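Note sheet for the following structure.
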């Protein structure tokens with residue numbers, strides 16, 4: 132204790148002496164930061180390193196900012212500027228580093244009068260290392276698990292035969308009705324699975340609805356025509372329709388030429404379908420999938436020929452047109468629910484219950500976050516309680532929900 | 005009136021629509037007069053974002069549209085390129101749509117070749133062309149440009165292009181300007197570029213009228229400025245022309261403003277149609293016709 | 100019916116007469132296209148090869164060049180592009196004729212657009228995907244030798260996997276064993292499902308919750324309490340929550356839930372109305388550019404960009 | 013085998029990509045899958061093109077009604093394919109003059125460009141422009157104030173339509189400053205940034221849930237209609 136005290140006295144003496152010596156010459160630099168240590172940033176892709184140092188003796192005081200530098204692997208011995216931190220901050224995360232390189236770092240202090248201190252330098256080289264898990268995505272991982280878990284749970288729940296209460300969706304009863312009417316009138320049914328490829332979930336959902344429509348049509352012995360705008364969708368749609376005819380017990384009525392490719396071009400496709408609709412006058416039109424501008428062309432043409440039209444899409448921009456021009460429209464999530472409803476299988480209905488759990492998470496997240504932020508604002512961010520609320524809300528936003 | 009309207013053939017409406025677009029176009033082109041524009045906040049924000057750039061700053065322009073939407077987006081592309089050229093920034097063009105490079109070439113021919121012919125390809129502007137993969141492209145180039153872009157649109161190696169020397173990834177650009185007609189476009193740029201790197205990537209965009217409502221949820225944090233459809237283009241045109249146009253601006257820089265004429269008349273026609281439709285509806289309800 | 104045929108025939112004849120008159124009996128004519136010849140030299144000096152590139156030019160620049168030097172060859176009349184302008188104009192009219200009713204002219208346009216566009220996308224896929232991303236990865240040397248001389252990469256044999264799957268996909272065309280094509284289809288659907296599941300949960304699901312966490316009361320030390328911003332935030336939160344209630348599947352829309360769902364659907368309807376209003380704008384712009392093309396580039400009735408000197 | 017292997021491939025492919033999303037070393041796999049998909053979709057063009065040829069050849073050989081139109085389609089298809097794949101009339105890249113095929117497939121002046129510029133472009137753009145007409149007929153027919161929902165829909169559309177033109181600005185310009193919130197251009201921004209934002213957010217959240225649950229059903233094999241019957 133005593134020796135340490137003497138040390139300090141001694142150091143103070145030397146410093147004051149230096150001060151005296153330097154008087155009249157250049158103004159001396161601020162106190163250097165001390166003990167710079169570098170460590171790998173945890174749970175990352177292997178691109179970041181965390182730095183930590185002891186604050187300069189002039190902080191708080193005359194320190195304007197700390198400057199951080201990294202060594203330049205291409206040019207040994209020289210350093211590249213990375214960034215600045217405010218006074219009072221003693222840590223910094225360096226990003227965009229290369230896993231294959233080793234680095235040194237240095238930190239200097241700049242004071243209010245523009246003097247730079249001696250640097251604090253790391254003594255050993257370090258390179259960032261890559262972890263097996265991306266820590267930033269941990270909350271997402273948990274939320275995914277909860278969501279998938281609840282869907283799976285309700286599917287099993289339904290499979291075990293316990294009843295599920297699910298509300299009605301207006302557009303869905305219309306499917307059977309439309310197919311029936313087409314049969315009565317002796318006209319065909321047009322099914323359009325959107326204009327996107329198989330790498331779009333909406334197309335897959337549309338194909339699922341197609342399997343149901345084709346099955347009912349096969350039972351009634353009605354003709355279903357499926358022009359597609361993608362080769363892969365044609366392939367998948369053929370498999371589906373064929374299977375539906377088989378399930379309905381009429382494999383001999385399946386005609387693969389009714390599921391055909393037109394063109395990948397959106398407006399070339401719609402030019403064809405529009406002409407075809409006017410000439411063949413299908414009695415029922417289904418638009419189930421991802422749609423863009425062609426939605427209104429299809430729906431208005433269908434309206435002109437007096438067809439029953441049922442649409443389902445998750446393209447928010449096209450919903451207004453379907454809502455305005457079709458008899459029934461499945462809006463967004465309802466469209467995805469349709470395949471579950473139409474299949475009539477209990478385990479499919481279970482998945483809807485799982486989706487509702489997701490909605491509860493949404494509502495809870497929003498309500499908690501809003502509550503915290505509002506309280507924080509009312510109490511006032513200048514009080515410690517208010518700050519605590521706002522920090523909690525920010526944590527929710529920037530850590531859990533990213 | 006009611007009897008006439010009730011069974012009105014659709015084709016009369018079509019004809020009215022055609023006339024309400026054609027006549028204003030003809031008159032405006034003949035007289036050279038068009039309606040005034042008052043820029044809104046969002047257009048001002050776009051203008052300011054470009055205005056804040058310094059000479060020589062790198063700017064990425066992603067033209068994600070096709071000829072089908074050129075009517076709405078072409079004037080925006082023209083105005084953006086011109087504004088960038090006036091600010092003397094370095095322009096890097098790219099496209100997420102297969103026909104995007106064609107739109108880029110058109111804009112370059114329209115603005116750079118004719119009015120800024122001193123700009124040198126490879127030094128002041130470069131067309132990096134189209135890459136397939138939609139948002140996948142964005143995800144890759146935000147951290148590494150060269151993984152996908154090894155050559156420019158005409159096949160010159162990236163390493164032989166002087167202005168590519170300092171560009172490692174999208175974060176190195178001072179501003180990203182996106183002109184988009186749908187997927188992949190502004191929404192993907194916001195989701196995969198400015199959302200993960202809020203401090204490093206700043207995006208302003210011009211989009212079609214269909215897309216605009218879907219982008220409002222991202223304003224202003226993830227997307228500071230947005231030009232919505234032809235009106236946005238007309239407002240931005242006005243800002244650019246007011247500052248750089250001189251007294252007698254080239255008509256190509258006022259294309260959107262001109263096109264607001266048919267817009268106004270056609271909008272009024274649709275409003276009129278909605279009113280007439282409801283007139284029919286109320287008469288029918290009064291008479292007890294089941295509808 | 101006969102009257103209708105008479106009207107449309109006479110309209111067609113009148114139109115044809117007008118066009119003939121405009122082409123042959125006016126000094127300037129219409130629908131002509133001009134080009135500027137630009138010589139392109141190869142960048143290698145030895146051996147020097149050069150060819151001519153034709154850029155679009157205006158009638159005005161052509162006219163001015165001719166006045167300056169009647170023998171100049173830089174600006175030229177282009178027959179192929181003039182023909183193109185006429186073809187494009189006629190196709191435009193053919194498509195629009197469908198609004199009146201389906202007719203042979205529309206059917207011609209329809210047949211052409213299907214054929215050209217199907218082939219167009221195949222060509223694009225070949226030159227932008229198959230060549231650089233499949234063949235170029237598997238055998239860069241070969242591709243470098245004829246298609247992409249600028250290519251300098253090593254072969255990546257992992258691309259044998261998509262190639263194999265592609266062959267399996269084409270197996271459908273074979274008489275036997277077409278079930279094998281379900282494997283690549285299963286791969287596509289599986290990977291799509293995986294990517295979308297996590298992608299949408301991350302970007303849209305979490306992202307939109309995050310964006311909705313806003314204070315009900317907006318106030319800041321600098322500006323104080325802001326009434327309108329608070330109202331805005333309150334409406335947004337009520338709107339999001341009530342619309343989510345509308346999408347609930349496991350509760351019948353009755354009582355309080357029913358009323359909330361009703362409020363939710365109101366919000367959705369306002370959203371749809373807004374989208375409709377915005378979309379109208381874009382659609383009219385599209386029509387305007389077609390009409391401008393007809394009046395400007397083809398009929399030469401208007402000249403908003405001062406591209407022509409009418410003699 | 014015919015049915016279970018595809019199910020296994022689906023499940024493995026999907027779950028591996030989900031897990032890969034959380035592991036730093038494999039986060040790029042999603043993009044790789046996207047590139048592979050592109051390749052597969054391009055190869056599948058052979059199926060689509062083959063189907064197109066088959067349909068139209070059949071129509072022509074059967075002399076079915078309208079076979080002449082099929083002949084037009086076929087001719088347009090084959091000509092475009094030929095000039096595009098062969099880069100007919102395309103000059104080489106100035107950097108590599110010795111390579112005949114190094115030019116851009118859509119070089120200005122080439123036949124493929126001509127087809128694009130004077131057939132593809134006007135035809136598709138006009139088709140798109142037809143929407144202006146359909147939107148007016150839809151507005152006339154469907155926008156009737158039948159109930160509150162319809163009133164909200166058409167009322168909002170009405171305000172936005174007005175607000176996006178000079179006319180709307182002119183109509184409400186007389187409002188005093190303290191009522192400037194009711195000026196139509198401000199009202200438009202208010203509707204867009206408040207009501208529209210709320211509605212779109214809810215739709216987007218719902219869609220995300222729907223997509224996630226549909227994907228999960230596909231991966232678990234609960235929903236497998238796309239795989240066909242399992243018969244050859």
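Protein chains in written order, with this note's numbering: chain A, 132 to 533; chain B, 5 to 295; chain C, 100 to 410; chain D, 13 to 244.
Ideal Cβ placement from N, Cα and C applies to all residues, glycine included.
All figures in this text were calculated on a predicted structure; none of them were measured in a lab.
Q) Between the C-alpha atoms of residue 247/C and residue 335/A, what's the straight-line distance to the nearest angstrom? A) Locating residue 247/C in the third chain gives position 148, counting from the first residue. Locating residue 335/A in the first chain gives position 204, counting from the first residue. Taking the straight line joining both Cα atoms gives about 36 Å.
- Could you tell me the boundaries of the alpha helix (DSSP H) in which residue 139/B lies? Sequence index remark: in the second chain, residue 139/B carries index 135 (1-based). Segment 139 to 145, the alpha helix (DSSP H) holding residue 139/B.
Members of the segment 235 to 267 of chain B that neighbour chain C once the beta carbon cut-off is set at 7 Å: 235, 255, 256, 262, 263, 266, 267
Starting from the C-beta of residue 270/B, find all residues in its chain whose C-beta is less than 6 Å away, skip the five residues before and the five after it, and write them out in chain order. Your numbering for residue 270/B matches position 266 in the second chain. Same-chain partners within the cutoff: 24, 25.
*Where does residue 200/B land, buried or exposed, given buried means 16+ other C-beta within 10 angstroms?*
In the second chain, residue 200/B corresponds to position 196, counting from 1. So residue 200/B ends up on the exposed side.
Practice task
Please list the partners that residue 153/C has in chain A, where partner means a Cβ-to-Cβ separation under 7 Å.
Solution key: Numbered from 1 along the third chain, position 54 holds the residue referred to as residue 153/C. What residue 153/C touches in chain A: nothing, since even the nearest Cβ is about 27 Å away.
As a quick exercise: from 364/C, 405/C, 346/C, pick the residue whose alpha carbon is nearest that of residue 484/A.
Position 353 of the first chain holds residue 484/A. Here the closest residue by C-alpha is 346/C.
*For a contact meaning CB atoms closer than 8 Å, what does residue 271/C contact in chain D?*
Translated into the one-based positions of the third chain, residue 271/C becomes position 172. Per Cβ cutoff of 8 Å: 59.
- prompt: Smallest Cα separation from residue 159/B: which of 136/D, 106/D, 235/D, 190/D?
  reply: In the second chain, residue 159/B corresponds to position 155, counting from 1. Out of 136/D, 106/D, 235/D, 190/D, 106/D has the C-alpha closest to the C-alpha of residue 159/B.
- Query: What are the uninterrupted segments assigned as beta strand (DSSP E) that are 3 or more residues long and contained completely in the segment 398 to 447 of chain A, given in chain order?
  - Reply: DSSP runs (the beta strand (DSSP E)) wholly in the segment 398 to 447 of chain A: 415 to 419, 439 to 444.
- Quick one: is residue 313/C buried, meaning 16 or more other Cβ sit within 10 Å of its Cβ, or exposed? Position 214 of the third chain holds residue 313/C. So residue 313/C counts as buried.
Scan the segment 226 to 286 of chain A and note each continuous beta strand (DSSP E) run of 3 residues or more that stays entirely inside, going in chain order.
236 to 242
Taking the alpha-carbon of residue 141/C as reference, which of 186/D, 140/D, 110/D has the nearest alpha-carbon? Reading the third chain from its first residue, position 42 is the one you call residue 141/C. Measuring from the Cα of residue 141/C, the nearest candidate turns out to be 110/D.
Check whether the Cβ atoms of residue 498/A and residue 316/C lie closer than 9 Å to each other.
The sequence position of residue 498/A within the first chain is 367, counting from 1. The sequence position of residue 316/C within the third chain is 217, counting from 1. Contact flag unset, no.
To the nearest angstrom, report how far apart residue 365/A and residue 357/A are at their CA atoms. Here the question's residue 365/A lines up with position 234 in the first chain. Here the question's residue 357/A lines up with position 226 in the first chain. Cα to Cα, the separation comes out at about 8 Å.
So what's residue 209/B in DSSP terms, helix, strand or just coil? Sequence index remark: in the second chain, residue 209/B carries index 205 (1-based). In this structure, DSSP gives residue 209/B an extended state, which the three-state scheme calls strand.
**Asked** In chain order, what residues of the same chain have a beta carbon less than 8 Å from the beta carbon of residue 168/A, not counting five sequence neighbours either side?
**Response** Within the first chain, numbered from 1, the residue matching residue 168/A stands at position 37. Non-local C-beta neighbours of residue 168/A in its own chain, meaning closer than 8 Å and more than five positions away in sequence, comprise 182, 183, 184, 253, ordered along the chain.
Apart from the five residues on each side of it in sequence, which residues of its chain come closer than 8 Å, Cβ to Cβ, to residue 265/A? Position 134 of the first chain, counted from the first residue, corresponds to residue 265/A. Taken in chain order, the residues that qualify are 174, 175, 176.
**Report entry** Residues near residue 230/C by beta carbon distance below 8 Å, same chain, minus five either side
**Finding:** Within the third chain, numbered from 1, the residue matching residue 230/C stands at position 131. Contacts found: 242, 246, 247.
**Report entry** Exposed unless 16 or more other CB atoms sit within 10 angstroms - verdict on residue 386/C
**Finding:** The residue given as residue 386/C occupies position 287 in the third chain. The residue in question, residue 386/C, is buried, as its Cβ has 16 or more Cβ neighbours within 10 Å.
Nearest-angstrom Cα separation, counted from residue 328/A out to residue 417/A: Counted from its first residue, the first chain places residue 417/A at position 286. Counted from its first residue, the first chain places residue 328/A at position 197. Distance between the alpha carbons of residue 417/A and residue 328/A: 18 Å.
Given residue 330/C as reference, the closest of 220/D, 205/D, 86/D once Cα atoms are compared: Position 231 of the third chain, counted from the first residue, corresponds to residue 330/C. Residue 205/D is the option with its Cα nearest to residue 330/C.
Exercise for review: Could you check if residue 331/A is buried or exposed, using at least 16 other CB atoms within 10 Å of its CB as the buried criterion?
Suggested key: Within the first chain, residue 331/A is the residue found at index 200, counting from 1. Buried, because 16 or more other Cβ atoms sit within 10 Å of the Cβ of residue 331/A.
Helix, strand or coil at residue 177/A according to DSSP, with G and I counted as helix: For the purposes of this step, residue 177/A is taken as residue 46 along the first chain, with counting starting at 1. Residue 177/A falls in the coil class under three-state DSSP.
Check your understanding: Excluding sequence positions up to five away, which residues of its chain have a Cβ less than 8 Å from the Cβ of residue 244/B?
Key -> What you label residue 244/B is simply residue 240 of the second chain in a count that begins at 1. 51, 83, 86, 87, 90, 257.
Worksheet entry | Any chain B beta carbon closer than 9 Å to residue 397/A | If you number the first chain from 1, residue 397/A lands on position 266. Output row for residue 397/A: interface = yes.
Alpha helix (DSSP H) segment containing residue 397/C, residue limits: Translated into positions along the third chain, residue 397/C becomes position 298. Going by DSSP, residue 397/C is part of no alpha helix (DSSP H) at all; its letter is neither H nor E.
Practice item. Verify whether the separation of the beta carbon atoms of residue 224/C and residue 237/C is less than 9 Å. Key: Here the question's residue 224/C lines up with position 125 in the third chain. Here the question's residue 237/C lines up with position 138 in the third chain. Cβ distance not < 9 Å, so residue 224/C and residue 237/C don't count as in contact.
- Message: Please classify residue 296/A as buried or exposed, where buried requires at least 16 neighbouring CB atoms within 10 angstroms.
- Response: Along the first chain, read from residue 1 onward, the residue named residue 296/A stands at position 165. By the neighbour-count rule (16 or more Cβ atoms within 10 Å), residue 296/A is not buried but exposed.
Problem - Proximal residues to residue 108/C (C-beta, below 8 Å), its chain only, five neighbours per side dropped - result: Here residue 108/C refers to the residue found at position 9 when the third chain is read from its first residue. None.
request  = Please determine, among 463/A, 387/A, 404/A, the residue with the shortest C-alpha to C-alpha distance to residue 67/D.
outcome  = In the fourth chain, residue 67/D corresponds to position 55, counting from 1. Measuring from the Cα of residue 67/D, the nearest candidate turns out to be 387/A.
Helix, strand or coil: which one does DSSP assign to residue 358/A? Here residue 358/A corresponds to residue number 227 of the first chain, with the count starting at 1. Residue 358/A: strand per DSSP, three-state reduction.
Is the beta carbon of residue 228/C less than 9 Å from the beta carbon of residue 50/D?
By 1-based counting over the third chain, the position of residue 228/C is 129. By 1-based counting over the fourth chain, the position of residue 50/D is 38. The answer is yes: Cβ separation under 9 Å.
> Where are the alpha helix (DSSP H) runs, 4 residues long or more, that stay fully inside the segment 25 to 63 of chain B, in chain order?
Replying inline: 45 to 55
Q) So with Cβ pairs under 9 Å, would you call residue 32/B a contact of chain D? A) Here residue 32/B is taken as the residue at index 28 of the second chain, counted from 1. False, the Cβ-Cβ gap to chain D never drops below 9 Å.
With 8 Å as the limit, tell me which residues of the segment 356 to 383 of chain C have their beta carbon closer than that to any beta carbon of chain D; keep them in chain order. 363, 364, 365, 366, 367, 368, 369, 370, 371, 372, 373, 374, 375, 376, 377, 378, 379, 380, 382, 383
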